[in-house]
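Structure first, commentary second.
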Amino acid sequence: MEQIKIFCPATVANISCGFDVLGLALNNVGDEMVFTKNNSNKLKITKITGADLSTDLKENIVGIVAEAMVEKHKIDFGIDIEIHKKIKPGSGIGSSAASAAGTAFGVNALMGNVFSKKQLIEFAMLGEAFVGGSKVADNVAPALLGGITLIKSYQPFAYFSLPVPAALFVVVVHPQIELKTQDARKILPKQVPMKNAIAQSAHLASFVHALHTNNYKLLGTSLQDFLVEPHRKILIPLFDETKQEALKNGALGGGISGAGPSQFYLCKGKETALKVEQSIATRYQKHNIPAHVFHSEVNREGIYSF
Ligand code: HSE
Numbered sequence: 009m010e011q012i013k014i015f016c017p018a019t020v021a022n023i024s025c026g027f028d029v030l031g032l033a034l035n036n037v038g039d040e041m042v043f044t045k046n047n048s049n050k051l052k053i054t055k056i057t058g059a060d061l062s063t064d065l066k067e068n069i070v071g072i073v074a075e076a077m078v079e080k081h082k083i084d085f086g087i088d089i090e091i092h093k094k095i096k097p098g099s100g101i102g103s104s105a106a107s108a109a110g111t112a113f114g115v116n117a118l119m120g121n122v123f124s125k126k127q128l129i130e131f132a133m134l135g136e137a138f139v140g141g142s143k144v145a146d147n148v149a150p151a152l153l154g155g156i157t158l159i160k161s162y163q164p165f166a167y168f169s170l171p172v173p174a175a176l177f178v179v180v181v182h183p184q185i186e187l188k189t190q191d192a193r194k195i196l197p198k199q200v201p202m203k204n205a206i207a208q209s210a211h212l213a214s215f216v217h218a219l220h221t222n223n224y225k226l227l228g229t230s231l232q233d234f235l236v237e238p239h240r241k242i243l244i245p246l247f248d249e250t251k252q253e254a255l256k257n258g259a260l261g262g263g264i265s266g267a268g269p270s271q272f273y274l275c276k277g278k279e280t281a282l283k284v285e286q287s288i289a290t291r292y293q294k295h296n297i298p299a300h301v302f303h304s305e306v307n308r309e310g311i312y313s314f
């Protein structure tokens with residue numbers, strides 16, 4: 009293979025009840041990347057559109073991931089990399105993860121698929137650590153695998169893909185401000201009360217049960233965040249009002265997407281998703297706060313070539 013062109017989906021990490029361990033992939037928004045072999049024996053970021061990012065391999069997540077891969081598996085060719093960002097950095101829907109996971113996928117394809125999916129997630133996590141300060145996989149795993157993923161443990165690294173109910177839709181609202189993951193992590197407490205830890209593990213367990221039993225109502229009531237949302241929601245304009253509006257219009261539940269400022273709301277069926285999307289868009293318009301609101305099915309295949 010001389011060249012591969014790929015779609016790298018946006019993702020919703022945490023899904024309210026699984027901080028740093030749960031994530032899902034979206035269909036309707038994602039970056040595009042192109043990887044082409046060159047004869048110079050060097051990795052090069054040759055083009056970036058859609059965001060103001062460095063082409064220096066040492067300063068771009070793409071370079072961090074690609075260099076780690078060629079360090080581990082020597083190649084006798086170079087690679088030109090084009091990055092077309094459609095996911096805004098600092099949006100909370102996995103912009104850096106799309107670049108990191110996309111690089112792992114694209115470089116691996118040109119190498120002849122020498123690495124496993126698990127290894128690709130681990131390479132992509134190095135990129136996440138570079139930009140966010142923490143080696144988390146709750147965005148990169150669903151970006152690479154599609155669907156809904158659960159990280160069972162980081163050391164040793166282990167994960168599962170969970171079932172996705174057929175009628176599940178996601179509404180996302182992205183208020184047009186940038187929130188750096190690093191900053192959104194700094195405001196979190198180092199310790200949490202025992203009663204919150206208990207409530208959180210019960211809700212994560214019931215979320216997984218709901219997915220396995222197609223129980224939409226339980227899915228919705230499981231989407232509670234006792235650990236993170238209370239601290240982060242102050243960074244997000246109209247957070248409480250948006251949640252109320254979404255639930256009033258039939259959303260199953262939702263909250264902050266990743267580190268924010270985007271929010272996500274899970275819905276059963278497209279009709280409800282459209283209603284929720286419209287009501288949220290109207291609310292932001294009323295307050296004159298620019299926001300991008302959209303709905304999407306869950307992406308079931310992860311990164312793909314086209
Ligand atoms: N779980 C991460 C966070 C997602 O909420 O900080 C961003 O990588």
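Going by the numbering used here, the sequence shown opens with residue 9, and the numbers climb by one from there. Note that beta-carbon positions come from the ideal geometry of N, C-alpha and C, so glycine has one too. No experiment lies behind these values; they were computed from the predicted model shown.
- Message: Quick check: P17 and G140, are their CB atoms within less than 9 Å of each other?
- Response: Here residue 17 is taken as the residue at index 9 of the sequence shown, counted from 1. Here residue 140 is taken as the residue at index 132 of the sequence shown, counted from 1. Not in contact: P17 and G140 (Cβ atoms no closer than 9 Å).
- Query: What are the complete beta strand (DSSP E) segments, minimum 3 residues, inside the region 77 to 155?
  - Reply: Listed in chain order, they are 86 to 92.
- Message: Pairs of beta-carbons, one from the region 188 to 196 and one from the region 50 to 65, closer than 8 Å: are there three or more?
- Response: In short, these stretches do not touch, since the Cβ pair count stays below three.
- Message: Let's test the definition: count the other Cβ atoms within 10 Å of the Cβ of K41 and tell me whether it reaches 16, buried, or not, exposed.
- Response: Taking the first residue of the sequence shown as position 1, residue 41 is located at position 33. In the sequence as presented, Lys is not what sits at residue 41; that position holds Met. Flag for M41 reads buried.
- Item | Segment contact, 8 Å Cβ cut-off, at least three pairs: the region 65 to 78 with the region 108 to 119 | yes
- Message: According to DSSP, simplified to helix, strand and coil, what is S214?
- Response: Along the sequence shown, one-based indexing puts residue 214 at 206. S214: helix per DSSP, three-state reduction.
- Message: I need the DSSP call for T44, collapsed to helix, strand or coil.
- Response: On the sequence shown, residue 44 is found 36 positions in, with the first residue counted as 1. T44: strand per DSSP, three-state reduction.
- Would the beta-carbon of G263 fall within 9 Å of that of L243? To locate residue 263, count along the sequence shown from 1; it is residue 255. To locate residue 243, count along the sequence shown from 1; it is residue 235. Going by C-beta atoms, G263 is not nearer than 9 Å to L243.
- Message: Does the beta-carbon of D60, which I'm using as the reference point, lie nearer than 8 Å to any heavy atom of the ligand HSE?
- Response: To locate residue 60, count along the sequence shown from 1; it is residue 52. No; taking the cut-off as 8 Å, the Cβ of D60 has no heavy atom of the ligand HSE nearer than that.
- Item | Complete runs of the beta strand (DSSP E) confined to the region 225 to 266 [at least 3 residues] | 261 to 264
- Confirm the yes/no value for this check: CB of E249, any heavy atom of the ligand HSE, distance under 8 Å. Taking the sequence shown and counting its residues from 1, one reaches residue 249 at position 241. Result no, Cβ not under 8 Å from the ligand HSE.
- Message: So, at 6 Å on beta carbons, what are the nonlocal neighbours of V301 in its own chain, with the 5 sequence-adjacent residues on each side left out?
- Response: Sequence index remark: in the sequence shown, residue 301 carries index 293 (1-based). Taken in chain order, the residues that qualify are V181, E285, I288 and A289.
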